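Throughout the sequence shown, residue numbering follows our numbering, covering -18 to 158 in sequence.
Please read the structure below before turning to the comments.
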Amino acid sequence: MRATLQPESVELLLQPEGGGTYLDRFPEIWHTALPKPRIWVEIVGGETARRVRLTVRGDRWSPGWATWGAASRTVRDLEGGQALADQDRVSDDGQSWTVLVRAGETRRFPLDFAVPLKEGIAPGTQLFDVSVADDATGEPLSVLTGSMVLAHPFSRFLDMLPSIYGEEMGRMEEEEG
(Lines of atoms letter the chains of each structure in order from A and count residues from 1; the text may use other names and numbers.)
(Lines give C-alpha, C1' and ligand atoms only; values in the text may rest on other atoms or scores of the structure.)
Protein backbone atom coordinates (compact mmCIF):
# COMPACT_ATOMS: atom_id res chain seq x y z
CA MET A 1 0.00 0.00 0.00
CA ARG A 2 1.31 3.43 -0.96
CA ALA A 3 0.08 6.83 0.27
CA THR A 4 0.92 10.41 -0.82
CA LEU A 5 -0.15 14.01 -0.13
CA GLN A 6 -0.96 16.24 -3.11
CA PRO A 7 0.17 19.03 -2.65
CA GLU A 8 2.29 18.70 0.46
CA SER A 9 1.69 22.30 1.54
CA VAL A 10 -1.30 24.63 1.62
CA GLU A 11 -1.48 28.40 2.21
CA LEU A 12 -4.25 29.88 4.35
CA LEU A 13 -5.29 33.42 5.15
CA LEU A 14 -6.37 33.82 8.76
CA GLN A 15 -9.92 35.19 8.71
CA PRO A 16 -11.95 36.37 11.68
CA GLU A 17 -14.89 34.20 12.62
CA GLY A 18 -18.38 35.36 11.66
CA GLY A 19 -19.68 38.60 13.12
CA GLY A 20 -22.25 38.92 15.83
CA THR A 21 -25.98 39.00 15.33
CA TYR A 22 -25.94 42.65 14.31
CA LEU A 23 -23.71 42.06 11.29
CA ASP A 24 -25.52 38.86 10.36
CA ARG A 25 -28.74 40.79 9.75
CA PHE A 26 -27.41 42.20 6.49
CA PRO A 27 -26.68 39.51 3.92
CA GLU A 28 -23.92 40.13 1.44
CA ILE A 29 -25.29 40.92 -1.99
CA TRP A 30 -22.11 39.95 -3.82
CA HIS A 31 -19.02 38.09 -2.75
CA THR A 32 -16.14 36.29 -4.38
CA ALA A 33 -16.34 32.51 -4.22
CA LEU A 34 -12.86 31.28 -3.36
CA PRO A 35 -11.83 27.63 -3.57
CA LYS A 36 -11.32 25.87 -0.26
CA PRO A 37 -7.72 25.30 0.75
CA ARG A 38 -7.43 21.56 0.20
CA ILE A 39 -4.90 18.76 0.25
CA TRP A 40 -5.62 15.36 -1.28
CA VAL A 41 -4.56 12.13 0.41
CA GLU A 42 -4.07 9.49 -2.27
CA ILE A 43 -3.91 5.81 -1.34
CA VAL A 44 -3.01 3.04 -3.78
CA GLY A 45 -4.06 -0.42 -2.60
CA GLY A 46 -1.60 -3.28 -2.26
CA GLU A 47 -2.11 -6.94 -3.10
CA THR A 48 -5.15 -7.42 -0.83
CA ALA A 49 -8.11 -5.30 0.23
CA ARG A 50 -7.53 -3.50 3.49
CA ARG A 51 -9.54 -1.27 5.80
CA VAL A 52 -7.43 1.72 6.86
CA ARG A 53 -7.94 4.64 9.23
CA LEU A 54 -6.87 8.16 8.23
CA THR A 55 -6.21 10.69 11.01
CA VAL A 56 -4.65 14.16 11.19
CA ARG A 57 -2.40 15.15 14.09
CA GLY A 58 0.38 17.57 14.90
CA ASP A 59 2.10 19.63 17.58
CA ARG A 60 -0.06 22.62 18.56
CA TRP A 61 -2.78 21.17 16.29
CA SER A 62 -6.42 22.03 16.84
CA PRO A 63 -8.97 19.42 15.71
CA GLY A 64 -11.23 21.99 14.02
CA TRP A 65 -8.56 23.18 11.58
CA ALA A 66 -9.01 20.31 9.12
CA THR A 67 -12.05 18.29 8.13
CA TRP A 68 -12.40 15.41 5.73
CA GLY A 69 -14.37 16.35 2.63
CA ALA A 70 -16.72 14.08 0.76
CA ALA A 71 -15.13 11.41 -1.43
CA SER A 72 -17.36 9.64 -3.88
CA ARG A 73 -16.90 6.07 -4.95
CA THR A 74 -18.44 4.48 -8.01
CA VAL A 75 -18.49 0.71 -7.90
CA ARG A 76 -20.26 -1.62 -10.31
CA ASP A 77 -22.94 -3.89 -8.87
CA LEU A 78 -20.88 -6.98 -9.72
CA GLU A 79 -18.06 -5.64 -7.52
CA GLY A 80 -20.29 -4.90 -4.52
CA GLY A 81 -22.05 -1.71 -5.56
CA GLN A 82 -23.42 0.50 -2.80
CA ALA A 83 -22.53 -2.03 -0.09
CA LEU A 84 -18.85 -1.51 -0.91
CA ALA A 85 -19.24 2.28 -0.92
CA ASP A 86 -20.96 2.11 2.50
CA GLN A 87 -17.79 0.68 4.08
CA ASP A 88 -16.34 4.20 4.44
CA ARG A 89 -17.08 5.80 7.81
CA VAL A 90 -16.19 9.22 9.24
CA SER A 91 -15.82 9.32 13.03
CA ASP A 92 -18.33 11.27 15.11
CA ASP A 93 -15.85 14.09 15.72
CA GLY A 94 -14.92 14.21 12.02
CA GLN A 95 -11.21 13.81 12.68
CA SER A 96 -10.67 10.28 11.41
CA TRP A 97 -11.94 8.36 8.44
CA THR A 98 -12.09 4.58 8.12
CA VAL A 99 -12.05 3.48 4.48
CA LEU A 100 -11.84 0.26 2.51
CA VAL A 101 -9.17 0.18 -0.20
CA ARG A 102 -9.38 -2.76 -2.59
CA ALA A 103 -6.34 -4.45 -4.13
CA GLY A 104 -4.79 -2.20 -6.77
CA GLU A 105 -7.42 0.51 -6.27
CA THR A 106 -6.49 4.20 -6.16
CA ARG A 107 -8.56 6.35 -3.80
CA ARG A 108 -8.34 10.10 -3.17
CA PHE A 109 -9.62 11.79 -0.02
CA PRO A 110 -9.92 15.59 0.34
CA LEU A 111 -8.71 17.29 3.50
CA ASP A 112 -10.19 20.81 3.78
CA PHE A 113 -8.58 23.48 5.97
CA ALA A 114 -10.11 26.46 7.79
CA VAL A 115 -8.16 28.24 10.53
CA PRO A 116 -9.92 31.17 12.22
CA LEU A 117 -8.11 34.28 13.39
CA LYS A 118 -8.08 33.84 17.17
CA GLU A 119 -5.85 34.72 20.06
CA GLY A 120 -2.80 32.46 20.18
CA ILE A 121 -2.80 31.61 16.47
CA ALA A 122 0.17 33.26 14.81
CA PRO A 123 1.20 33.46 11.16
CA GLY A 124 3.86 30.99 10.13
CA THR A 125 4.29 27.40 9.07
CA GLN A 126 2.39 24.70 10.94
CA LEU A 127 3.37 21.06 10.35
CA PHE A 128 0.87 18.21 10.58
CA ASP A 129 0.89 14.45 10.04
CA VAL A 130 -1.68 12.36 8.20
CA SER A 131 -1.49 8.88 9.67
CA VAL A 132 -2.59 5.86 7.63
CA ALA A 133 -3.03 2.83 9.89
CA ASP A 134 -4.55 -0.63 9.55
CA ASP A 135 -7.97 -0.46 11.20
CA ALA A 136 -7.95 -4.03 12.51
CA THR A 137 -4.48 -4.08 14.09
CA GLY A 138 -3.71 -0.38 14.54
CA GLU A 139 -0.37 -0.95 12.79
CA PRO A 140 0.85 2.29 11.16
CA LEU A 141 1.21 1.82 7.40
CA SER A 142 2.35 5.32 6.52
CA VAL A 143 2.80 8.76 8.09
CA LEU A 144 2.62 11.66 5.65
CA THR A 145 3.93 15.06 6.75
CA GLY A 146 2.40 18.19 5.30
CA SER A 147 2.59 21.87 6.08
CA MET A 148 0.11 24.67 6.40
CA VAL A 149 1.36 28.25 5.91
CA LEU A 150 -0.75 30.74 7.86
CA ALA A 151 -0.76 34.43 6.88
CA HIS A 152 -2.76 37.52 7.77
CA PRO A 153 -5.16 38.73 5.06
CA PHE A 154 -4.18 41.73 2.99
CA SER A 155 -5.43 44.99 4.47
CA ARG A 156 -8.03 46.91 2.51
CA PHE A 157 -8.28 49.71 5.03
CA LEU A 158 -6.91 52.43 2.71
CA ASP A 159 -9.45 51.45 0.06
CA MET A 160 -12.22 52.44 2.47
CA LEU A 161 -10.86 55.94 3.13
CA PRO A 162 -11.65 58.93 0.94
CA SER A 163 -9.22 59.25 -1.96
CA ILE A 164 -7.46 62.29 -0.45
CA TYR A 165 -5.96 60.07 2.26
CA GLY A 166 -4.78 57.47 -0.23
CA GLU A 167 -3.12 60.15 -2.36
CA GLU A 168 -1.40 61.60 0.70
CA MET A 169 -0.11 58.16 1.73
CA GLY A 170 1.27 57.63 -1.78
CA ARG A 171 3.03 61.02 -1.66
CA MET A 172 4.55 60.22 1.75
CA GLU A 173 5.86 56.87 0.48
CA GLU A 174 7.48 58.59 -2.53
CA GLU A 175 9.19 61.12 -0.25
CA GLU A 176 10.57 58.36 1.98
CA GLY A 177 11.75 56.21 -0.97
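C-beta atoms are modelled at their ideal positions from N, C-alpha and C, and glycine is treated no differently.
Being a predicted model, the structure only gives us computed values, none of them experimental.
When rounded, the separation of the alpha-carbon atoms in E(-8) and E100 is 19 Å.
Of L122, D67, G85 and A52, the smallest CA-CA separation from T29 is found for G85. Taking 8 Å as the cut-off, the beta carbon of S112 is found no closer than this to the beta carbon of T55. Secondary structure at Q107: strand, using DSSP grouped into helix, strand and coil. With a cutoff of 8 Å on beta-carbon distance, Q76 and W21 are scored as not near each other.
Taking every protein chain shown into account, the CB of G119 has fewer than 16 other CB atoms within 10 angstroms, so this residue is exposed. Separation of T106 and P44 (C-alpha to C-alpha, rounded to the nearest whole angstrom) is 17 Å.
Contact between A114 and L125 does not hold, since the beta-carbon distance rounds to 12 Å and is not under 8 Å. By the CB criterion at 8 Å, A132 and P104 fall inside the cutoff. When secondary structure is reduced to three states using DSSP, L59 falls in the helix class.
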